[in-house]
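**Q** Top to bottom, those sequences are chains A and B. With the first sequence counted from 1, adding 3 to any position gets you our numbering. With the second sequence counted from 1, adding 3 to any position gets you our numbering.
There are 2 protein chains.
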Amino acid sequence: MIRSEICQRLGLRYPIFQGGMAWIAGAELAAAVSEAGGLGILSAVAPEGSLREQIRRVRQLTSKPFGVNIMLMHPSAEEASALVVEEKVPVVTTGAGLAAGQMEAWNQAGIAVIPVVASVAMARRAQRAGAAAVIAEGQESGGHIGELTTMAIVPQVCDAVDIPVVAAGGIADGRGAAAAFLLGASAIQLGTRFLSARECGVHENYKQMILDAQDISTVATGRRFGGNTCRCLKNAFSRDFLKQEYAPEATAESVAELGGGALRKAAIEGDLREGCFLAGQISGLVKEIQPAADIIEEIFAEAEALLKGASQWVK
Amino acid sequence: MIRSEICQRLGLRYPIFQGGMAWIAGAELAAAVSEAGGLGILSAVAPEGSLREQIRRVRQLTSKPFGVNIMLMHPSAEEASALVVEEKVPVVTTGAGLAAGQMEAWNQAGIAVIPVVASVAMARRAQRAGAAAVIAEGQESGGHIGELTTMAIVPQVCDAVDIPVVAAGGIADGRGAAAAFLLGASAIQLGTRFLSARECGVHENYKQMILDAQDISTVATGRRFGGNTCRCLKNAFSRDFLKQEYAPEATAESVAELGGGALRKAAIEGDLREGCFLAGQISGLVKEIQPAADIIEEIFAEAEALLKGASQWVK
Numbered sequence: 004m005i006r007s008e009i010c011q012r013l014g015l016r017y018p019i020f021q022g023g024m025a026w027i028a029g030a031e032l033a034a035a036v037s038e039a040g041g042l043g044i045l046s047a048v049a050p051e052g053s054l055r056e057q058i059r060r061v062r063q064l065t066s067k068p069f070g071v072n073i074m075l076m077h078p079s080a081e082e083a084s085a086l087v088v089e090e091k092v093p094v095v096t097t098g099a100g101l102a103a104g105q106m107e108a109w110n111q112a113g114i115a116v117i118p119v120v121a122s123v124a125m126a127r128r129a130q131r132a133g134a135a136a137v138i139a140e141g142q143e144s145g146g147h148i149g150e151l152t153t154m155a156i157v158p159q160v161c162d163a164v165d166i167p168v169v170a171a172g173g174i175a176d177g178r179g180a181a182a183a184f185l186l187g188a189s190a191i192q193l194g195t196r197f198l199s200a201r202e203c204g205v206h207e208n209y210k211q212m213i214l215d216a217q218d219i220s221t222v223a224t225g226r227r228f229g230g231n232t233c234r235c236l237k238n239a240f241s242r243d244f245l246k247q248e249y250a251p252e253a254t255a256e257s258v259a260e261l262g263g264g265a266l267r268k269a270a271i272e273g274d275l276r277e278g279c280f281l282a283g284q285i286s287g288l289v290k291e292i293q294p295a296a297d298i299i300e301e302i303f304a305e306a307e308a309l310l311k312g313a314s315q316w317v318k
Numbered sequence: 004m005i006r007s008e009i010c011q012r013l014g015l016r017y018p019i020f021q022g023g024m025a026w027i028a029g030a031e032l033a034a035a036v037s038e039a040g041g042l043g044i045l046s047a048v049a050p051e052g053s054l055r056e057q058i059r060r061v062r063q064l065t066s067k068p069f070g071v072n073i074m075l076m077h078p079s080a081e082e083a084s085a086l087v088v089e090e091k092v093p094v095v096t097t098g099a100g101l102a103a104g105q106m107e108a109w110n111q112a113g114i115a116v117i118p119v120v121a122s123v124a125m126a127r128r129a130q131r132a133g134a135a136a137v138i139a140e141g142q143e144s145g146g147h148i149g150e151l152t153t154m155a156i157v158p159q160v161c162d163a164v165d166i167p168v169v170a171a172g173g174i175a176d177g178r179g180a181a182a183a184f185l186l187g188a189s190a191i192q193l194g195t196r197f198l199s200a201r202e203c204g205v206h207e208n209y210k211q212m213i214l215d216a217q218d219i220s221t222v223a224t225g226r227r228f229g230g231n232t233c234r235c236l237k238n239a240f241s242r243d244f245l246k247q248e249y250a251p252e253a254t255a256e257s258v259a260e261l262g263g264g265a266l267r268k269a270a271i272e273g274d275l276r277e278g279c280f281l282a283g284q285i286s287g288l289v290k291e292i293q294p295a296a297d298i299i300e301e302i303f304a305e306a307e308a309l310l311k312g313a314s315q316w317v318k
């Protein structure tokens with residue numbers, strides 16, 4: 004059993020978070036992960052129904068702790084920020100910002116706040132603002148990304164803060180998990196691998212794209228003007244996006260208007276042409292649809308064997 | 004003592020390669036790394052004198068095995084390809100391609116050929132062509148890079164080939180080394196950390212830039228049109244390059260002409276404005292000028308302690 008400080012702090016059996024993917028991370032998935040001993044996380048951009056309904060549904064399905072991810076750039080952020088207090092959600096993770104102004108109110112409500120950070124400076128600001136931990140996320144992740152990779156950001160953030168560091172990006176099996184712990188992480192966060200969970204309600208076309216993906220099946224859009232870089236699977240949507248992004252006449256404003264509704268088209272409708280299928284570079288390792296509990300147990304059995312056997316490297 | 008199959012195969016004490024950085028990796032650095040038990044690697048784009056002189060100088064300084072890195076896109080490649088056979092160099096690493104056509108001749112000359120690869124498909128082709136191992140390099144590396152990161156490429160390449168895999172990118176200390184071994188690597192390759200070696204002949208301004216660098220001090224140029232993406236430290240050169248690369252009127256051809264002589268200006272002249280200072284995202288961890296032997300011993304002492312203690316994670 005791999006346990007770390009963060010397990011005690013958050014009441015987890017396994018130091019693993021399920022990424023709160025917009026339009027994807029609903030109650031069934033989050034509850035299955037939490038019930039299995041990890042931290043299930045709802046997206047405030049709920050795939051169906053309201054966030055309040057999703058929170059209540061998780062509580063029907065499990066008595067274990069769970070979280071809500073609030074994407075601070077999204078219109079849903081303001082309502083979600085109040086709702087997590089009203090509903091006394093145990094953990095909030097934030098994306099695309101720190102919500103430093105709200106951290107005190109959340110902390111006073113007993114919420115552990117864990118921002119996703121893309122740099123050392125952001126991790127330091129999160130600690131100063133009262134974060135319980137930070138998620139240091141590499142750009143191999145699916146979805147919104149920074150520029151640092153997991154190998155580079157995790158040890159540098161660990162050196163810079165005293166709070167626990169959760170490693171995210173490029174982890175889909177026990178090898179990645181064990182590597183993350185030796186880099187200094189106290190826990191791991193996985194998105195792509197949980198896309199393939201049986202309890203994940205995403206359209207089956209999306210799951211099939213993950214299972215079919217290889218190492219070089221993803222691409223990053225939005226790098227030209229920055230600020231909203233996203234990693235997704237290569238398809239007609241991503242090709243069209245990049246063509247428009249890199250067209251001579253493109254501007255930051257014209258690019259910001261691209262892709263509206265494309266996440267919904269991927270996750271809910273499974274639209275292979277017009278959908279934006281967010282996924283990480285580690286998609287190539289995901290080969291099977293499994294219950295979330297099996298995913299977690301398989302990862303930790305492999306990681307435990309690697310960590311127990313690691314001393315054999317030293318002769 | 005961490006030993007792996009690759010140590011026996013190549014005659015190394017430590018499973019560590021020093022990246023064969025163009026204009027930087029000369030005889031003094033390569034010899035110091037090899038003498039300390041790692042694999043020192045000369046760049047065929049020699050920082051001073053001819054490659055033949057550099058090879059002979061290494062042999063004056065050490066009797067241990069060493070390598071030559073041949074950057075296949077560079078004009079020096081053809082001459083270097085013949086020279087390594089004439090001089091019976093023990094190891095050749097290749098960059099920006101596989102040199103599959105030359106692999107047989109090199110193998111017949113007793114040379115272990117170890118290509119740098121950026122994807123699973125390239126690793127498979129290298130194995131088929133007769134490579135002794137592959138270097139799976141993540142885009143957190145300095146210099147010419149692909150798109151996959153170290154966390155993503157190493158396990159996927161390990162699953163795809165039977166030959167040993169050397170992990171490169173984002174490794175500068177024992178944490179990165181230990182993580183790489185648990186990802187499945189048999190050895191590690193470091194460039195940025197060895198830039199700070201006392202025996203590295205690069206201009207002192209270059210070393211100072213590495214020591215001063217933080218986590219977000221690097222940027223990747225050449226992404227717009229692809230084919231020649233490079234990670235370097237942010238400075239006037241990189242800002243000008245990116246401005247021209249992303250200008251509406253830029254073309255693949257106009258971008259290919261940018262930056263001529265800039266590597267030399269950085270490495271030899273220390274030109275802070277017009278030099279292109281290749282460096283990895285892990286620069287922020289490099290804080291000291293040390294002899295190459297101390298760098299290697301420090302990294303492996305830390306990695307050994309982490310690997311020996313890894314079983315403590317499992318309770």
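In this text, a Cβ means the ideal position worked out from N, Cα and C, and glycines have one as well.
1. How many angstroms separate the CA atom of Leu186/A from the CA atom of Thr152/A?
2. Along the alpha helix (DSSP H) that carries Ala108/B, what are the first and last residues, could you check?
3. Taking a contact to mean a Cβ-Cβ separation below 8 Å, would you say Val258/B touches Phe303/B in this structure?
4. Would you mind giving the Cβ-Cβ distance between Val116/A and Ala135/A, rounded to the nearest angstrom? I have them listed as a contact below 8 Å.
5. Can you tell me whether Met76/A is buried or exposed? The criterion is at least 16 other CB atoms within 10 Å of its CB, across all chains shown.
6. Which chain B residues sit within Cβ distance under 7 Å of Ser220/A?
7. Look up Leu75/B in the DSSP assignment and say whether it is helix, strand or coil.
8. Measure the C-alpha to C-alpha separation of Arg201/B and Gln293/B and round it to an integer number of angstroms.
9. Three-state secondary structure (DSSP) at Arg234/A?
10. To which residues of the same chain is Asn231/B closer than 6 Å at the C-beta, ignoring the five residues directly before and after it?
11. Classify Gln2/B as buried or exposed, calling it buried when 16 or more other Cβ atoms lie within 10 Å of its own Cβ.
12. Do you know offhand how far Gly43/B's Cα is from Ala306/A's?
13. From Ile219/B to Ala250/B, what distance separates their C-alpha atoms?
14. Which same chain residues, not among the five before or five after Ala183/B, have their C-beta less than 8 Å away from its C-beta?
15. Which residues of chain B have a Cβ atom closer than 9 Å to the Cβ of Phe184/A, listed in chain order?
16. Between Pro18/B and Gly40/B, what straight-line distance do the alpha-carbon atoms span, to the nearest angstrom?
17. Tell me the DSSP bridge mates of Gly43/A?
18. Taking C-alpha atoms, which residue in Gly23/A, Pro50/A, Glu107/A, Ala108/A lies nearest to Phe69/A?
19. Against Gln284/A, what residues of chain C qualify as contacts under a CB-to-CB distance less than 7 Å, listed in chain order?
20. Whole beta strand (DSSP E) runs in the region 147-231 of chain B with 3 or more residues, listed along the chain?
21. For the beta strand (DSSP E) that contains Gly262/A, what are its first and last residues?
22. Applying a beta-carbon distance threshold of less than 7 Å, which residues of chain A neighbour Val289/B?
23. Quick one: list the residues of chain A neighbouring Glu252/B, beta-carbon separation under 9 Å, in chain order.
24. Within 10 angstroms of the Cβ of Ser66/A, are there 16 or more other Cβ atoms? Answer buried if so, exposed if not.
25. 8 Å is my cut-off, CB to CB: does Gln217/B come that close to chain A?
26. Would Asp165/A pass as an interface residue toward chain B - the criterion being a Cβ-Cβ separation below 8 Å?
27. Is Val289/A helix, strand or coil by DSSP?
28. Using 8 Å as the limit for Cβ to Cβ distance, is Asp176/A near chain B?
29. If you draw a straight line from the C-alpha of Glu81/A to the C-alpha of Met125/A, how long is it?
30. Could you name the residues of chain A that Arg6/B contacts, counting a contact when the two beta carbons are closer than 7 Å?
31. So, helix, strand or coil for Leu275/A, using DSSP?
32. Which bits of chain B does Leu45/A rub up against, with CB to CB less than 7 Å?
33. Looking only at C-alpha atoms, which of Ile9/B, Ser122/B, Ala188/B, Leu54/B sits nearest to Ala313/A?
34. Closest Cβ-Cβ distance between Glu277/A and chain B: below 8 Å?
35. If you reduce the DSSP assignment to three classes, tell me which class Glu140/B lands in.
36. State the start and end residues of the unbroken alpha helix (DSSP H) segment that holds Val119/A.
**A** Looking at the atomic coordinates:
1. 13 Å
2. 103-111
3. no
4. 6 Å
5. exposed
6. None at all; the shortest Cβ gap to chain B is about 11 Å.
7. coil
8. 5 Å
9. strand
10. Gly225
11. Residue 2/B is absent from the model: chain B starts at 4 and stops at 318.
12. 33 Å
13. 23 Å
14. Thr153, Val157, Ala170, Ile174, Ile191
15. Ala182, Leu185, Ala313, Trp316
16. 8 Å
17. Phe69/A
18. Gly23/A
19. Protein chains in the displayed structure are A and B, and chain C is not among them.
20. 168-171, 190-193, 221-224
21. Where Gly262/A is concerned, there is no enclosing beta strand (DSSP E), given that its DSSP letter is neither H nor E.
22. Neighbours of Val289/B on chain A: none; closest Cβ ~11 Å, over 7 Å.
23. Pro251
24. exposed
25. yes
26. no
27. coil
28. yes
29. 21 Å
30. Lys318
31. coil
32. Correct list: empty, because the minimum Cβ distance to chain B is about 26 Å.
33. Ala188/B
34. no
35. strand
36. It is not in any alpha helix (DSSP H) - Val119/A instead sits in the beta strand (DSSP E) that spans 115-120.
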